[in-house]
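Asker: Each protein sequence line maps, in turn, to chains W and D.
Here our numbering is used: the first residue of the first sequence is 1, the next is one more, and so on.
Here our numbering is used: the first residue of the second sequence is 1, the next is one more, and so on.
Glycine included, each C-beta is placed from N, C-alpha and C at the ideal position.
Quick one: the structure is below, and I'll ask about it shortly.
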Amino acid sequence: MNGSHRARPDRATAAATAAALLMALALAMIFFYVPTDVSEGYSQRIFYFHVPIALTTYFLFTWGAVNGARFLLSRDMSLDLKSYVPMHLGVIFGSLTLVTGSIWANIAWGTWWFWGDTQLTTFLIIFLFNCAYFMLRFSVEAGERRAIFSAVYAVLGVGLIPLSVIGVHVAQTNDLIHPITFNENGANMDGSMFLTFLVALAAMITLSVTMYLIELRGKRIDDRLRAIRRLAGGEA
Amino acid sequence: MRAYRALLRKDLLLELRGRELVPAMVVFVVGALVLVRLGLGGERLAGGTRAATGLLWVVVVFTSMLALVRSFAQEREHGIWDGLLSAPADRSAIWAARASATFLFLGVTQAVALPLFWLFFLQDGRSPSLAVLAAALALADLGVAMLGALLAGLVSNVRAREVLLPVLFLPFALPLVSVAVRMSVDSIPPQNGGLGALQGLGFLALYDTIFALLGWALFEYVVED
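Laid out in structure tokens, this is it:
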């Protein structure tokens, strides 16, 4: 076994340890440190899960698209997996965003979904785009062609994200109730709340990086196993 | 440019001789408008002109699917791809010609759909501004045609492409439709603010620009080999 094979498990283990520690710290801060919100009460604590999960989803989509563009330019097949895995994790985090957002909406506004809200609608569009990415990917045989098609569609998403944000914002004029986390004056919250939010965000991003490293390793093992099977089948 | 002109001429001639797509799109759009009219209530129009204007855009999107699904069908069915790809021309000319042909087909279909929309849905003399609607349709068609040509190229050799193309296209139609509907509905009198026509058209122009650049840059990867 050479050095590079030993280095990968170490990176994943380090990321997993960091994620576990940060997550424990975030949970402790959310439930025992941060003060209860005056207007929304105890249930407002879902904010520290919902917003970091949503931001992590955007981070994963961007990561997937950037690696897709890098694949188109270099044709390095390892970048295909590095584009696919963040997109896949983006669906998981995206689903969690929709679920936690819906729960929060029901607690805060008394409705599970509000079409007048620009952020919910934008997120739904991007989530549908990501689901379509998988439909395309699994309609094409594994190989370079699938990698190219997936990368092209992922790069198109880079155009869709700003258009959705602008388009939905332009079209909906009654966005009055979604809490504004950040505005031109910086974070729109109290110091301890902002600190808790930052720790929760760091925990969620570290968790996504850990999941990325583990899934990437699993997919690479899958690919090698398939290659060995093909080889064994061919020789038999 | 020569390649683009030749390819566009080929697409238009094929449609003129075969009459495969535009008649089907026209019949579809008429049927869809009748369906929507009945769906909103035969005698009394539920939701009034505003609901009808929103649904017009839904019909426009679904009609454009017909054009997109049949994009590159001739090339695929008659083995024209190999000839096109081996021609010493920029491959983005194939994309530009297909997008232009689709844009023209959509324009012809909407030239039939708009008068019918007026006939079926508009009551009490209240209607969206014709200038706003026509400009929005032209810009939206351009965006749909350019993005659609890229996506059609992407799925042209994929199994279940007829199902896949609408699935790939719809997320991209959502911001387009949300702005176009708001702009059209807000142009119905009495106008009480809302989304200004210039702001809406500006967004549609931005949409077109982004997908013109992405389509032109990415089509080469889609059709290689």
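Return the residue from the list W:Trp115, W:Ala147, W:Trp112 that minimises the CA-CA distance to arginine 70 of chain W.
Answerer: Measuring from the Cα of arginine 70 of chain W, the nearest candidate turns out to be W:Ala147.
Asker: Touch check for the region 79-90 of chain D and the region 131-140 of chain D: three-plus C-beta pairs under 8 Å?
Answerer: no
Asker: What are the start and end residues of the alpha helix (DSSP H) that includes isoleucine 53 of chain W?
Answerer: 47-74
Asker: Just the Cα atoms here: how many angstroms apart are tyrosine 221 of chain D and valine 158 of chain W?
Answerer: 17 Å
Asker: By a C-beta neighbour count over all protein chains shown, 10 Å radius and 16 as the cutoff for buried, is leucine 130 of chain D buried or exposed?
Answerer: exposed
Asker: Taking the straight line between their C-alpha atoms, what separation do you get for proline 175 of chain D and tryptophan 109 of chain W?
Answerer: 25 Å
Asker: Whose Cβ in chain W lies nearer than 7 Å to the Cβ of serine 178 of chain D?
Answerer: Gly167, Val168, Ala171
Asker: Please list, in chain order, the chain D residues whose beta carbon lies closer than 7 Å to that of valine 140 of chain W.
Answerer: Here the neighbours are Val158.
Asker: When the Cα atoms are used, what is the spatial distance from phenylalanine 121 of chain D to isoleucine 188 of chain D?
Answerer: 13 Å
Asker: Check the DSSP bridge columns for aspartate 37 of chain W and list the partner residues they point to.
Answerer: In DSSP, aspartate 37 of chain W forms a bridge with W:Gly41.
Asker: Can you name the residues of chain W whose CB is closer than 7 Å to the CB of isoleucine 210 of chain D?
Answerer: Proximity of chain W to isoleucine 210 of chain D at the Cβ level (cut-off 7 Å) is accounted for by Gly159, Leu163, in chain order.
Asker: Under 7 Å, do methionine 204 of chain W and isoleucine 92 of chain W count as touching if we go by C-beta distance?
Answerer: no
Asker: Would you kindly work out how many angstroms separate the C-alpha atoms of leucine 150 of chain D and leucine 218 of chain D, rounded to a whole number?
Answerer: 8 Å
Asker: Counting Cβ pairs closer than 8 Å, one from the region 20-33 of chain W and one from the region 94-110 of chain W, do we hit at least three?
Answerer: no
Asker: Relative to the C-alpha of leucine 206 of chain D, which candidate in D:Ala140, D:Leu14, D:Ala97 has its C-alpha closest?
Answerer: If we check each option's Cα against that of leucine 206 of chain D, D:Ala140 comes out closest.
Asker: Return helix, strand or coil for arginine 70 of chain D, following the three-state DSSP convention.
Answerer: The answer is coil: DSSP assigns arginine 70 of chain D none of H, G, I, E or B.
Asker: Can you tell me which of the three DSSP states tryptophan 81 of chain D falls into?
Answerer: helix
Asker: Residues of chain D with CB under 8 Å from phenylalanine 149 of chain W, in chain order?
Answerer: Leu154, Val158, Val222
Asker: If we count Cβ pairs, one from each stretch, closer than 8 Å, do we get three or more for the region 52-61 of chain D versus the region 163-181 of chain D?
Answerer: yes
Asker: Using the C-alpha atoms, what's the distance from alanine 151 of chain W back to leucine 72 of chain W?
Answerer: 7 Å
Asker: Classify proline 88 of chain D as helix, strand or coil using the three-state DSSP reduction.
Answerer: coil
Asker: If we define contact as Cβ-Cβ less than 7 Å, is valine 152 of chain W a contact residue for chain D?
Answerer: yes
Asker: Tell me which same chain residues have a C-beta within less than 7 Å of the C-beta of alanine 93 of chain D, skipping the five on either side of it?
Answerer: The residues are Ala3, Tyr4, Leu7.
Asker: Are the C-beta of isoleucine 125 of chain W and some C-beta of chain D separated by less than 7 Å?
Answerer: yes
Asker: Pick out whichever of W:Leu89, W:Leu207, W:Gly233 has its Cα sitting closest to the Cα of arginine 11 of chain W.
Answerer: W:Leu207
Asker: Can you find a C-beta in chain W that's less than 7 Å from the C-beta of arginine 50 of chain D?
Answerer: no
Asker: Please work out which residues of its chain come closer than 7 Å, Cβ to Cβ, to leucine 142 of chain D, disregarding the five sequence neighbours upstream and downstream, and give them in chain order.
Answerer: Phe103, Asp208
Asker: Based on Cα-Cα distance, which residue from W:Val51, W:Ala16, W:Glu40 lies nearest to phenylalanine 194 of chain W?
Answerer: W:Val51
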